[in-house]
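Top line first, the protein sequences correspond to chains A and B. Numbering of the first sequence is given in our numbering, commencing with residue 15 and proceeding in unit increments. Numbering of the second sequence is given in our numbering, commencing with residue 2 and proceeding in unit increments.
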Amino acid sequence: MTLASSASPTGPATAPSVRQPTSQWSQGPAVPVVSVLVALLLGAIFVLISGHNPIQAYAALLFGAFGSPYDITETLVIAVPLTLAGLSVAVAFRTGLFNIGAQGQLFVGALAAGWTGAQFPDLPGVVLLPLTLVSGVLGGAAYGAIAGWLKATRGVNEVITTIMQNYIVVFVMHWLLQDGPMSAPNALGTPASSPIGAGAILPIIIPNSLVPLSRLHAGVLLAVIAVVVFWFLLWRTSLGYELRAVGLGARAAAQAGIDPRRRMIMVMGIAGGFAGLAGMIQVSGLFHRVYDGFSSGFGFDAIAVALLGKNSPIGITLAALLFAAFQRGGTIMQSNAGISSHLIEIVEAIVLFVIAAETIVRAIASRRGTPAEALA
Amino acid sequence: MKRLFALAFITVLVATSCGALGIGGSSIKVGLVTDIGGLNDKSFNALANQGRLDAASQLGVTTSVIESKKQEDYVPNLTTFAQQNYDLVIAVGFLMTNATWTVAKQFPSVKFAIIDGAPANAKGDTENLPNVANLFFKEQEAGYLVGVIAATMAKNKVGKATHNTVCSMGGIPIPPVDRFIAGYQDAVKTVSPSTTILNGYSNDFVDQAKGNAVGVNHIGKGCDILFQVAGGSGLGYIAAAKQAGVYAIGVDADQKDAAPGTVITSALKRVNKAVFDTAKAVKDGKYKDGDNFFSATNDGIGYGSLDPVVPADAKAAADQALADIKSGKIKPKDTVQVKG
């Protein structure tokens, strides 16, 4: 509870000059906290129906996510890609675009990073790691920018193009890793690329003597930097101001001399860059090679993370931590309390549902001319 | 004040959960980590889980299971149990040899067991560890038993087995798969030397379509008894036999229910027994590291329920072979003779 109550949205508070019609919605952590609580309560009903004790279930969940130092590091390992993919979705949201393509952009970033890391295995880390990072970010950015370009020049809905892009990259990935140019022999049954060079690996930042076999890698620091970059870009640069202006009203922004089309391409590139970084970190920090279909699902959970975090840097970070705790804890809940980890998916779905319902209510209310504050 | 309450609440939750989950209790804790086949594979992992459940109900030990969704989950899943101070952590399957080595080396006070393999170090070389039990099966003995049944039926042209040709299909040619096939072929050559033997691989343990394609090919060459050693892919091989109205033989678990009337018997590999026995050994303080074998002698292998079409003399021959294997009179070969 303390976790969510500190979720103060940085956004509107630091941008008083741009009055947002949605500003009430993003004020205060009340809505996310309530929606999570409602979801947990409704989830408890499902636990009861399945014949288990909800308190025991949630205790096991909590224990699994934070019960030991190892569990905490594993939760953080999951939170890293969720945060970055969440930033990807959120930056597009802020510009009025709906990026469903974070998953595909993550894959492209991973493939680009995996290719670079494996192609020059003998380069020293000071060269190879930045090179791998840049490949991942640029790969994701280029892939994201395609959707932005189609939207800007042809008016194609980015929801549709990004969904289709997800499919394209999934099958290209199959081909590349199964019998295409990136496939490596003897990956023990799972199609995979060759391992990346030692210089491309993000080091583990927790000493083995402290938490044995922890997988917490330096990617967590990159994620923190990315959150700061996200905040700085949107609220401390003129580009960020323009992006948000386009998000609030493309026509008004155009009247003010901002070219919304260019901004659309740019923001989809930036969104792709965040997701591509997530993919690069999964490869460099965790797997050290690209597995076919690895880390799937993060791009979609990211939409929920961005919504729950209200597209604000702190909100996204907290929401990503919450979802990571759900995922990590859900596994342990299944193993220790015998409750299906699918329960967590139900809880996540209800969180989304409650948030969506809240926006619908507000939309109806504002159409009736009721001050939105009345509902707050 | 509010925060204090929240904190107190969480503390109570954790405390009660520890009590409820038996953390700090006196009974031993056994954790099972499946491979990517998952708990519903109706074979290998499902059997291992059955052994876990039997241990929980009959030995009064506390047990848990984690399903591995991806290959890269093996190390974290094994670590999750080890760092919770489980007494025994069981890795299900040959694919986890490297992960088991990594985790067992890190947690020397936790006992491990790995089914179908031995710990393998980073270079891929086998290295036995004092806290890892390697649970091996003499699959060739189970293969031999069903081979005796197949050969007897082929020789006497029983029912739809009219072409005096028997076949087998493995998933990937790894040792535990090939030992089944080796024993099967050895029995056929011994019991009925005139019978034609064919063999193939689906190169997959999941894809049913690949197993089906091999089955159709084998049936086209006159096979009317088909033995599968290919997990989920083998179900496609059985389906091909069912489609053509010929006979199939299941593997690992009793697979009679996969296609009643088609599956005449199964080569049983009692993974459940290996899990149960190892848990019991840990509980009784009789855990043995290094190689442990499960064979006909300790009921680790056997043959499954017989379809009514299997004649009495075939069953008698299989029972005789079982007795001879136990007494050491028969030693089934463990290398595949007919590769193609």
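Using N, Cα and C, we set each Cβ at its ideal position, and we do this for glycine too. Computed from a predicted model, the values in this text were never measured in an experiment.
- In this structure, DSSP gives threonine 127 (chain B) an extended state, which the three-state scheme calls strand.
- Taking the beta carbon of serine 223 (chain A) as reference, no residue of chain B falls within 9 Å; the closest one sits roughly 11 Å away.
- Burial is judged here by how many other beta carbons sit within 10 angstroms of a residue's own beta carbon; valine 368 (chain A) has at least 16 and is buried.
- In summary, alanine 155 (chain B) is buried, with 16 or more beta-carbon neighbours lying within 10 Å of its beta-carbon over all protein chains present.
- By the C-beta criterion, the region 226 to 244 of chain B is judged not to be in contact with the region 116 to 133 of chain B, since fewer than 3 inter-stretch pairs fall below 8 Å.
- Taking 7 Å as the upper bound on Cβ-Cβ separation, chain A lies near residues Ser65, Val66, Ile67, Lys71, Gln72 of the region 59 to 72 of chain B.
- For phenylalanine 337 (chain A), not one C-beta of chain B is nearer than 8 Å to its own C-beta.
- Contact between threonine 176 (chain A) and glycine 118 (chain A) holds: their C-beta atoms lie close to 7 Å from each other, under 8 Å.
- Counted as a single uninterrupted DSSP element, the alpha helix (DSSP H) harbouring asparagine 78 (chain B) occupies residues 75 to 84.
- Remark: three or more beta-carbon pairs, one from each stretch, lie closer than 8 Å, so the region 279 to 291 of chain A and the region 155 to 172 of chain A are flagged as touching.
- About 6 Å separates the CB atoms of lysine 112 (chain B) and aspartate 88 (chain B); that is less than 8 Å, so the two are in contact.
- Near chain A, meaning a CB-to-CB distance below 9 Å, the residues of the region 97 to 118 of chain B are Asn99, Thr103, Val104, Gln107, Phe108.
- The beta carbon of phenylalanine 308 (chain A) sits closer than 8 Å to some beta carbon of chain B.
- Proximity of isoleucine 346 (chain A) to chain B, defined by a Cβ-Cβ separation below 8 Å, is satisfied.
- Beyond the five residues adjoining it in sequence on each side, alanine 114 (chain B) comes within less than 6 Å, by CB distance, of Ile91, Ala134, Leu136, Thr279 in the same chain, given in chain order.
- Against tyrosine 255 (chain A), chain B offers no close residue; the least beta-carbon distance is about 37 Å (beta-carbon pairs closer than 8 Å).
- A straight line joining the alpha-carbon of methionine 196 (chain A) with that of lysine 257 (chain B) spans about 42 Å.
- Among the residues of chain B, none has a CB under 8 Å from the CB of phenylalanine 340 (chain A); the nearest is roughly 15 Å distant.
- Residue pairing from DSSP places serine 169 (chain B) in a beta bridge opposite B:Asn200, B:Phe228.
- Ranked by Cα distance from asparagine 122 (chain B), the first of B:Lys332, B:Ala143, B:Leu96 is B:Leu96.
- Chain-order list of chain A residues neighbouring proline 77 (chain B): Glu88, Arg229, by C-beta distance under 7 Å.
- Counting C-beta pairs with one atom in each stretch, the region 95 to 106 of chain A and the region 300 to 318 of chain A have three or more that are closer than 8 Å, which means they touch.
- For serine 65 (chain B), the enclosing beta strand (DSSP E) starts and ends at 63 to 67.
- Neighbours of threonine 80 (chain B) in chain A, taken as residues at a C-beta separation under 7 Å, are given in chain order as Tyr84, Leu227.
- Closest by C-alpha distance to isoleucine 279 (chain A), out of A:Gly293, A:Val260, A:Ala270, A:Gln269, is A:Val260.
- For threonine 266 (chain B), the three-state secondary structure derived from DSSP is strand.
- By the rule that beta-carbons nearer than 8 Å mark a contact, serine 349 (chain A) touches chain B.
- When DSSP states are grouped into helix, strand and coil, leucine 357 (chain A) belongs to the helix group.
- Chain B places a beta carbon closer than 8 Å to that of tyrosine 305 (chain A), counting this residue as a contact.
- Secondary structure at leucine 40 (chain B): coil, using DSSP grouped into helix, strand and coil.
- Following the DSSP letters along the chain, one finds alanine 134 (chain B) in no alpha helix (DSSP H) but inside the beta strand (DSSP E) bounded by residues 133 to 138.
- Here the C-alpha atom of valine 234 (chain A) lies approximately 22 Å from the C-alpha atom of phenylalanine 77 (chain A).
- Contact between the region 326 to 341 of chain B and the region 179 to 198 of chain B is established, with three or more Cβ pairs separated by less than 8 Å.
- Measuring C-alpha to C-alpha distances from glycine 293 (chain A) to each of A:Ser149, A:Gln70, A:Arg108, A:Asp136 identifies A:Ser149 as the nearest.
- Secondary structure note for alanine 104 (chain A): its alpha helix (DSSP H) is the uninterrupted segment 83 to 108.
- Identification of residues in the region 366 to 379 of chain A having a C-beta nearer than 9 Å to some C-beta of chain B yields an empty set.
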